[in-house]
Structures are given as structure tokens and as C-alpha cells.
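Residue numbers (my numbering): -4 to 1207.
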């Protein structure tokens, strides 16, 4: 924006300002203007004892008030009961009888410059409505004659409702013959004998005052007609009335004129009499009846709401019966009260000597008459001819100051009147600036600001704005309201300063100064981010702001959810808290989900930003479970409607069942289906009374279960299956024990459940021996020693047998040779496995293969093979002999196994032997081999300290096991988004030198959160990371001391910015500083030890599993591959059949087929890239890059084998 010297913003007012723009300030003398008054009519009820009539005007000098009633000055009859406030225009009337105040009132407000007046204010007073006391004679008529029962209801406060009832408050039945008119009378077109009664009553209800009044009951006597030839009064022979031509009971005459105002409701009524009862019809003569017309009261009443001029015309009603007809005409005339054609005449301000025109444009029907007043007094043409009246227009020629005043235009006709007060001000006046001088304005950069310069003058002033003595120009400035306001569209800092407004006319000039201060805008520089959080966790929304420092006292940060402001309480139980620019919501739930808005607000401006908080929770329970049968009651389909997944996709549905026969109240899992399926086909057991429920599972966890279904009963049936896991054991000679896994009660399908055991020697054509039993174990005695048997177990109940089972083969008991643990093993195997080959899969896992022993040398049932290995030494320290022994047992007859749990970079010796139930066979010839280098273990300690705002020093300790020769450290550091807990940027550095134990990073982003991952590396790769988090900031005293490390270490002397080497700066050469630093170093060591005991911080962010975890997963896969080859029978050997050994000698370990290793289950390098089951099956093996893996090989004699460059085969 610029300031220039030539263009000034000068805008002129029109010579005459109409009322809409006439706003003379009260500082200037002016005639009165009526602001408000009580409009009529004012209804006074019988219980009212006081009313207040208001009249308020403005003017300078302040106006005084007086009142007129019915055109005469209102003089209160009693000062104690009436008070008229001459300064406030308030009229208060008190009396027990308010009817004496009925009339039409006017309020007059006057000062020395004129008088303003109100329109007429009518006061209506109503007493308690009453029917007059009168004695009513019975009405006697002959059958067939008409009757009119007059009500003549009293006047009262509208609305008034009329009812005809009996003394016991039963409504008089009305129909086409008997009906009530709009005047309240009850009309009978013709009388019948049963119309005779003594209690016709008229009731008038006034709902506004909750009053009902009743007229004295009227009696009607209807006499029967006598036959023409019978003069006896006692004759009761009924005679029909003669037919009579219709005539109208209402209205009277032939024609009626109906005048009503536009907008009122029209009602035309024709109530006929005659016999038979006439019917009524309506037409509009010469025109079509309006579709808005409605007919009521059995067609006797024509109604038309809100009449218009088009509804004028002549209407005719016709009453007709069999004897003839009668008609009546209505002339409907629609008129209007006076109204302004456009708007009332407006007040005017003009200069002396000008001509003034006052026009009073009105309409109405009939045409209104116009009356002119000046200051409340009627006038006509001025004798000196300076003022002339032309019906609806008054002209003041060459107006003078004394012509100022209030001119009244009143238009009236028979339907009402309207009044307008027109203030005519004729004056010359120099500019009067109403805005305070040196008014201060504050604005913010980029927003608009308006500075005011309110001026009153006559004639109008020319207004200009300047700054620094230069007129204002440019598109950024806008003057409006005739220059009395200056708006800056887009404020800048340079717009601050003093602005001068100058107003001038022929009478003089005036000026005022405005001071503008443009401040920095309030901005949200770090808006909140869309966040997803699990239910029950902590949600964080960050809203970083900037604002002008001078507005610190008025600044506030407000958080809203949707449109409702979040209450921030300091109470401990409040879930909401604000820490600086961050909103924290503790223990979030689904109700916290929605749109959050942070508003940064000062006294001048505000800025807002929104973010969506999504809450993930367990799914809702499914609803509307439906169970339907397929082909039988035991084969059903369960369907449901899934509930809300709460922002986490449902992965599966779990169907549970409960039955009330065996385990009532206990829910068990029946079936699982995928999350995109809402049905499940269920196979059910027999003879049970089921109910089902379903729950959904997502990444957060399982949701609540649904409501259970109705009970579903299944019929009993034969068993669906036979027992499984049949085991045949011979604990003693000539004996065979058969056991099996019994069927659960729910699987029995019916009552009378039992098992049939069938057995016979294999290969012998004997029939099966059968036994029915109730237990799940059966003992066969007197069997030959170690003879194979064929066995079947069948299920049955009262409804039949289970399916035919497949036979199972087992052996009877072995021969027994008694011995003591120290005596010679007489029945142990006699041969050792041959051709032992060791294949190193990775640093901790082997594949061992051999040629199995001949079956005859086992001397009993083969239990399995035992692999025994000894760790001779670590290749990192070859001079130290370790001789650590381990062994693993593998059940069943096999020729190769996978052996985990070895140490990397070590020398081993391995042997294999076979065992049976009685003991171990001889060992094979030993094989010596080496395991390759592995990746190091995790760095145990990693600490950080702040050196400068953008510098961090890291210190660490070496890993407890290097698993090879350390070559370097890999340092990765990540910049973290604190709101979303996501990695923004990542970099890495390779730190050479195995002895390096600290590093300094420079050039980091200030006031930011970083995560540092440090890995130790060998030639085999880098180990798992140790994580540490730190925020960059100015260092606190005592945190920039570091551990000393020899400067000769490679890569430790200098480190350029952002991960490159940078030179460590010395702090001081003074002795006292050195002593202080050493003390701090000692404290740092204590902190390092404490950190060593703490859990690592890693795992906060998304990533891959640690190498240790990968190894565990791989070994689980290895075990899964190996376990199917195990013989479950051999795993459960009896402990009392042979001696167990727990030393490190080459004997089998006690327990199952897979012995526990020393330490945890971690096996070093991951084997997840290999299909280890293929090794066990003797398939082809490949290394990581796809090449063939060789085997250790050698001659068929004892001796160690030197380690080749790659895997080789060793044959013994």
C-alpha cells in the first residue's frame, strides 16, 4: 500500500437526507421522534385493576408528554388513581371499575422544536358477561310450524362460543331440520311432536376468561294436528302436517349487502323453514364459485377465508322442497382500511432557503381522507403562500429555520386510520465530528480493519483521510458511508501509524486523529494430525501456534470436539488435559471418536485447525442370530448380522455352544469362520439341548458375545466316531495293555454308551476276540512275547454302532532280563550307527545323517537315536578347552535329524547311538566340525547425552557375545513424528573399529525426538539393534561429559555434520573444570549400569521382528517338521525299566524325545529361509544365495577333519 499526494477520498452527501439516512445525533438540537408506544386496542378484563400505556420519544431538548382522550385533553378524574409521567411518557391507570377509562387516547411528545404524536390507542373494558334475568313463557306451536329459540348472548371478550343443551348438559341434536345460526339462535324448519320439552338452554362460553353463562331454560310445546272431521280434543290419531312452501328464517328480506375488509373471513347464511324440510343450494351469479369456498351447517352456511377483491359479487341461496322454493341474494363488497402505497413519508434534513416536499401516498377503499398537522395542530395553506397543501402533498417554499418541526400526515376512512410523523429539520451547521479523537485501533496482518470518522453537518461535509500528511490512495483502501469509514482490506505492518480525518463544508471544518497498530496474525503452524488410537490408550493431539507477543494476555487455545468445547479440568479424575500445545485424552473410548478442532484465539483474531481422531476397539456383538436346519436337526446353519468393527476389520467370528445335559452354563468353542462370512454350517452331536452365541475378533481383541439363540434339541443317534490315539504297551512279559482316548460325553450321541475291544494276532487267521468295556483301558494277559497284534476299538450306544474302524497294530510285552543300574546291559542294542555325516545349516543348526542299525541288533523295540555333541573350544579363544556336552534324543526309526542350539564360531565333536527300552547301544565314531561366524548379540548398554542444541553424544558397551570377530558398528538414527509416532527421516553410519565405544552426531534438527539403533557387526552380518531415544535441546549443566577413548581408534577422531565425524571440543584447561568433568564421568558410569538393568526402549515403532525373534520362529518351524516323525508311544517310556543318566556322558537324557538345551530356546542365526523339513526328508539343500550346500566328508576311520573353505562331507 502506498501514500500519494494528489488523490483524496472526498464524497458528498445528497442535499436532502431522507429518514432512512436521517440520524441526527442527540448532541444536535432536534424535534421529538416517537420511538415506541403501546398499540391498541387494549383489552381490560373485569378483574383488572390497573393498566399501563407506554409512550417513548427521543429529542433534544428531551421531550415532555401529554395525553388526549377522545380528542380532548385528558385530565385525570382522581390524581390518586392516575399518574402520567411527563418526562417518560408513562400513563398508569388504577381503578376498581376500569370501564370509565374506555376511549381512544393519543400521546403527544413536545420540545421547543416541535411536537410528535401517536396514532389512536383504544382502551376497551369488559365486565362479567351475564344473561338478563327474565321470565320466559312457553312457546306453543302446531306440528309442521317453524320455531325460533332466541339466545341473545351477552357481549364479552372474544372468542365467544354458543351451545344449546338441556339442564343435564346434553347437547340438543342438530340436523338439517334443527340447527343453530351464527347469531346463536336455534332454528326449527318445522316442529315435530317430540320437540316438546321444558329445558332448552343457551350457554355462552368465554374461554379467555374461563367463564360460561347460561340463559333461563325455555319450554316448547308442540300440538298435534287434528283430523279435519274430528273435533274431539282427546283424539290421538296422528295427522301429517300439510306441505308448506319454504321461506327464510334468516336472513330476512330478499337481498342483503355484506361489506367486509380484505383479508377477513366471509360467512353467508340461509336458514329456511317449510315442510318437508327444505334443502339449501348456493351459486355465485355470473361467475364460477371460488374453490376456496366451504359449506357447513348442512349447507346452510357458506364460508370463505381471507377474502380478496376477486371474491366480490352477487351470491344467491335457494331453499327448496316439494312445495316450492325461496331465494335470497347477497351483495358482497370487499373494502380496505388506509395503507401506505410504498412507505410512510420520511423525515428530512435540509439547508435554509431550499424547497421541501412532503408527500403522503396512501390507498384504501373507500379512498382515505388526508389530514395535515404541524406539531399536532391542523393547518391549511399559509397566508404568506410559503406553505401550500395539495391534498396528499405539502410544499414549503424557501424554507426557513423556524419552519422546522414535526409534520403529521393522517389518512382515514370508515375502516380505520394511519398516522406518520415527519421531522423536518432546516438548518446550517459546521461539521461536528462525533468520533473520539486519538481513537486507537488494533489489527492483525492480512486482515481488514475499519476506522471511523462519524460526522454531522448541514450542508453535508466533504471528508478526506490522510497519513503522514499525504492523502490515501490504493486498491487496499476503501472509503464508504460517505467517507465516514475507512477500511484497510489487507493490513500490513507498514499500515501502522496515525490517520487524520478532515470534514469540511461552507460553514467550517473539523479534524480527528485515529491511531492504528498492526500486529502479527495468530497462526497454527503445527496443526493436529489425523490419529488412530486403540481404546483404553492415550491419545495425543498437537497444535503448535504463533501469535503477537503483545497479545499474550488475551491468548487462549481452545479445543472442541465437533462443535462442543472440551472442558479442561485440573481434577485428577479428568480424562482431558492440555500440556502446552498438546491435548491428551486418557483412556480413550468410542465416545471420544470424532473431529477435534483447536482454535488459537486472541482479542483480535483466531485460527483453527481440525483433525480426526479414530478410536479402534473390539467389535460389537453380532445381532439377529438365526438358526435353520439343513437336512436334519444335527446339520444346521447359523447366520447373524455383524456389529460395528470399530475401525478394525473383523478377522474371524467364533461360534460357541452351551448344552444343559453334561455341562450346563459352560460355553465352548464350536467353530471359527473368516471375518467376511456371516454364516456357519454346524455339525451337531445327538441327544443334546444346544444354544449358540457368536463373538467377533479383530486386531484389538475379541468382542463381547451375542445374545444366545433359542434352545435347539438334537435327537439321539448312533456314535459318529470311534476312539482315537489307541496305544498298545507291554509293561510285562505275556501281557498287553490297550488304551485309548475316550469319547467325551457330548460325543456319545445317546444313552447306553460302551466300547467293544477286538484283537487278534497279526498274520494269524483267527477270529477277533471281543470284549465290551466301559473304561478306556483294557489288559490282555497270557500273550506271546513281543508279538504283533491287530486291534480295533468300536463305540456303541442304545441307538447303534459307530463306523467300522481301521485296525491298529501293536506288540505284546518284551522279554525281561533283570539287572541293576551298575550291572552289564544284557538287552541293550549291540550295533552303532555308521556313515555319520554333519551338514552345517547355519551358525547354530546342524543336519546330522547316518546309516540306521540293522533291526536284529536292536534286541527289542527300537526307541530311537541319541545325538551327543561336545563343544571343544571357541575359535575366538582356541587355547581354552571347554568340553561342554549336550545331547538330544529322537524317537522312532530315522536316518537324519536337525540339531539346534550350537554356538557360532566353535569347534565341536559329535557321536550318535541307538537306544531301546532297556538302554543305549554303542556310540558311533566321532565327527569333528566347526560352526561358522554368526552375528553378534545385542549391544547391552546404549546411552545418549546432549552436547549442543543439534548435537548428541552416544556411548555403548560391547555385546556380551560377539559370535565372531567384531569388525564395526552400524548406527541408524531416525527423526520421529511425536504425534503420529512415525519415522519421518532415517540415516545410517558404519562405524569401523571394534573397540569404539562412543560417537557424536551433529547437525541434527533442534527440539526434535530421535531414535538411535546401534548394531554390532561381524563378517557374518550385524546383530539385533539396541535402541535409545533422545530429544535435541540445549544441554543442561553436567550432561556434556563423555567417557575417554584412545584417540588412535579409527573413526573416532573427527565427525562431520549429520553422521560424518566431528572433532570433540575440549571444555576447559582449568584444573577445577577437569575435576568436575571426571566426577560427572563417574556419575555417568553409574547411569550406564542402571540402564543396563532396564528394559530396552525398542519396539515402539513399526518394523520387522528382531533377529532373536526370527530365530525362535524358525526353530519352532524346525520342531514342527521334526515332531511328526516321533513315535508317541516311545515318548512315554516307563521310568522304572532302565536307569536314567543326568551327567554329560554319552547317555540318553531323561524325559521326552527332545531334550532341553542349556540356556533359553534361542538358536542363534535364523533358519527361516530354509525348509528344514526338506533336510529331514533327505531332499536337496541350498544355501542363502541358491547354491548347493556341501557336507563335511572324510575317510572311514577315526580322526578329526580340518575345516575347509566351504561345507564338506565327513564319512566315518
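Heads up, the beta-carbon is just placed ideally off N, CA and C, and yes, glycines get one too. Quick caveat, the model's predicted, so the values are computed rather than measured.
Backbone secondary structure at residue 592 - three-state DSSP = Counting from 1 along the chain shown, the entry for residue 592 is found at position 597. In the structure shown, residue 592 sits in a strand (DSSP, three-state: E or B).
inquiry  = Applying the 10 Å Cβ sphere with the 16-neighbour rule, what's the burial state of residue 937?
reply    = Looking up residue 937 in the chain shown gives position 942. Buried, because 16 or more other Cβ atoms sit within 10 Å of the Cβ of residue 937.
inquiry  = Quick check on residue 47: buried or exposed, where buried means 16 or more other Cβ atoms within 10 Å of its Cβ?
reply    = One-based indexing of the chain shown puts residue 47 at position 52. Burial call: exposed.
DSSP three-state assignment for residue 644, whether helix, strand or coil = Taking the first residue of the chain shown as 1, we reach residue 644 at position 649. Reduced to three states, the DSSP call for residue 644 is coil.
request  = Might you give, ordered along the chain, the residues of its own chain that have their beta carbon closer than 6 Å to the beta carbon of residue 123, omitting 5 neighbours on each side?
outcome  = Against the chain shown, residue 123 aligns to sequence position 128. Correct list, in chain order: 41.
ask   = Touching or not, the region 597 to 605 and the region 426 to 444, by the rule of three or more beta carbon pairs under 8 Å?
value = yes
task = Go ahead and pull the three-state DSSP assignment for residue 953.
result = Here the question's residue 953 lines up with position 958 in the chain shown. Coil, per DSSP.
ask   = Between residue 974 and residue 1003, is the Cβ-Cβ spacing less than 7 Å?
value = Counted from its first residue, the chain shown places residue 974 at position 979. Counted from its first residue, the chain shown places residue 1003 at position 1008. No, they are not a contact pair.
task = Scan the region 267 to 304 and note each continuous alpha helix (DSSP H) run of 4 residues or more that stays entirely inside, going in chain order.
result = none
task = Mark residue 659 as exposed unless 16 or more other C-beta atoms lie within 10 angstroms of its C-beta, in which case mark it buried.
result = Taking the first residue of the chain shown as position 1, residue 659 is located at position 664. Residue 659 comes out exposed.
ask   = Relative to the C-alpha of residue 905, which residue among 181, 699, 804 and 861 is closest?
value = Translated into the one-based positions of the chain shown, residue 905 becomes position 910. Nearest C-alpha to residue 905: 861.
Option in 19, 843, 912 and 844 with minimal Cα separation from residue 427 = Residue mapping note: residue 427 aligns to position 432 of the chain shown, counting from 1. With distances taken between Cα atoms, residue 427 lies closest to 19.
key: residue 740 in three-state terms, based on DSSP   = Counted from its first residue, the chain shown places residue 740 at position 745. Residue 740 falls in the helix class under three-state DSSP.
request  = Using only alpha-carbon positions, find the residue among 731, 748, 733 and 732 that is nearest to residue 739.
outcome  = Walking along the chain shown from the start, residue 739 turns up at place 744. Of the candidates 731, 748, 733 and 732, the one whose C-alpha sits nearest the C-alpha of residue 739 is 748.
query = Looking at the structure shown, is residue 807 part of a helix, part of a strand, or coil, going by DSSP?
reply = Taking the first residue of the chain shown as 1, we reach residue 807 at position 812. Reduced to three states, the DSSP call for residue 807 is coil.
request  = Would you list the residues sitting across from residue 911 in a DSSP beta bridge?
outcome  = For the purposes of this step, residue 911 is identified with residue 916 of the chain shown, where counting begins at 1. Residue 911 is bridged to 857 and 914.
ask   = Any contact of the region 147 to 158 with the region 172 to 188, i.e. 3+ C-beta pairs under 8 Å?
value = yes
Cβ neighbours of residue 388 in the same chain (closer than 6 Å, five flanking residues each side left out) = The residue given as residue 388 occupies position 393 in the chain shown. 354, listed in sequence order.
request  = Specify the secondary structure class of residue 386 as computed by DSSP and reduced to three states.
outcome  = Against the chain shown, residue 386 aligns to sequence position 391. The answer is coil: DSSP assigns residue 386 none of H, G, I, E or B.
query = If we ignore side chains and look at the alpha-carbon of each, how far apart do residue 590 and residue 510 end up?
reply = Counted from its first residue, the chain shown places residue 590 at position 595. Counted from its first residue, the chain shown places residue 510 at position 515. Straight-line Cα distance between these residues: approximately 41 Å.
inquiry  = Suppose the cutoff is 6 Å on Cβ atoms and the five residues either side in sequence are ignored; what does the same chain contact list for residue 1210 look like?
reply    = This structure cannot settle anything about residue 1210, because the visible part of the chain is limited to -4 through 1207.
request  = Tell me whether residue 326 is buried or exposed, calling it buried when 16 or more other Cβ atoms sit within 10 Å of its Cβ.
outcome  = Mapped onto the chain shown, residue 326 falls at position 331. So residue 326 ends up on the exposed side.
message = Here's the rule: buried if 16 or more other CB atoms are within 10 angstroms of the residue's CB, otherwise exposed. What is residue 796?
response = On the chain shown, residue 796 is found 801 positions in, with the first residue counted as 1. The C-beta of residue 796 has fewer than 16 other C-beta atoms within 10 Å across all chains shown, which makes the residue exposed.
task = Please confirm whether residue 265 and residue 323 have their CB atoms less than 7 Å apart.
result = As a working note, residue 265 is residue 270 in the chain shown. As a working note, residue 323 is residue 328 in the chain shown. Contact flag set, yes.
task = Report yes or no: do the region 490 to 505 and the region 411 to 420 share at least 3 C-beta pairs separated by less than 8 Å?
result = Touching, no.
task = Using the Cα positions of residue 174 and residue 332, report the straight-line distance between them to the nearest angstrom.
result = One-based indexing of the chain shown puts residue 174 at position 179. One-based indexing of the chain shown puts residue 332 at position 337. About 35 Å.
inquiry  = Classify residue 611: buried if its beta carbon has 16 or more other beta carbons within 10 angstroms, exposed otherwise.
reply    = The residue you call residue 611 lines up with position 616 of the chain shown. Label assigned to residue 611: buried.
request  = Closer than 7 Å by C-beta to residue 16: which residues in its own chain qualify, once you throw out the five before and the five after it? Chain order, please.
outcome  = Here residue 16 refers to the residue found at position 21 when the chain shown is read from its first residue. Because residue 16 sits at a pLDDT of 41, beneath the cut-off of 50, its placement in the model cannot be relied upon, and the point is left open.
key: Under 7 Å between C-beta atoms of residue 296 and residue 261   = What you label residue 296 is simply residue 301 of the chain shown in a count that begins at 1. What you label residue 261 is simply residue 266 of the chain shown in a count that begins at 1. No. Outside cutoff.
task = Evaluate contact between the region 762 to 775 and the region 672 to 688, counting only Cβ atoms and requiring at least three cross-stretch pairs below 8 Å.
result = no
ask   = For residue 1216, which of 213, 211 and 233 has the nearest alpha-carbon?
value = Nothing about residue 1216 can be read from this structure; the chain reaches only from -4 to 1207.
request  = Leaving aside the five residues before and after residue 160 along the sequence, list all residues of the same chain whose C-beta is less than 7 Å from its C-beta, in chain order.
outcome  = Here residue 160 refers to the residue found at position 165 when the chain shown is read from its first residue. If we look at residue 160 and ignore the five residues flanking it on each side, its Cβ neighbours are 166, 167, 196 and 198.
query = CB residue 988 to CB residue 959, shorter than 7 Å?
reply = Numbered from 1 along the chain shown, position 993 holds the residue referred to as residue 988. Numbered from 1 along the chain shown, position 964 holds the residue referred to as residue 959. In this structure, residue 988 lies away from residue 959, with their beta-carbon atoms at least 7 Å apart.
message = Distance check for residue 946 and residue 939, CA to CA, integer angstroms please.
response = On the chain shown, position 944 is the one that residue 939 refers to. On the chain shown, position 951 is the one that residue 946 refers to. Whole-angstrom Cα-Cα distance: 10 Å.
request  = Using three-state DSSP, classify residue 837 as helix, strand or coil.
outcome  = For the purposes of this step, residue 837 is taken as residue 842 along the chain shown, with counting starting at 1. Three-state DSSP puts residue 837 in coil, outside helix and strand.
inquiry  = Measuring alpha carbon to alpha carbon, tell me which residue in 887, 896, 898 and 925 is nearest residue 908.
reply    = Residue mapping note: residue 908 aligns to position 913 of the chain shown, counting from 1. When each option's Cα is compared against that of residue 908, the closest is 887.
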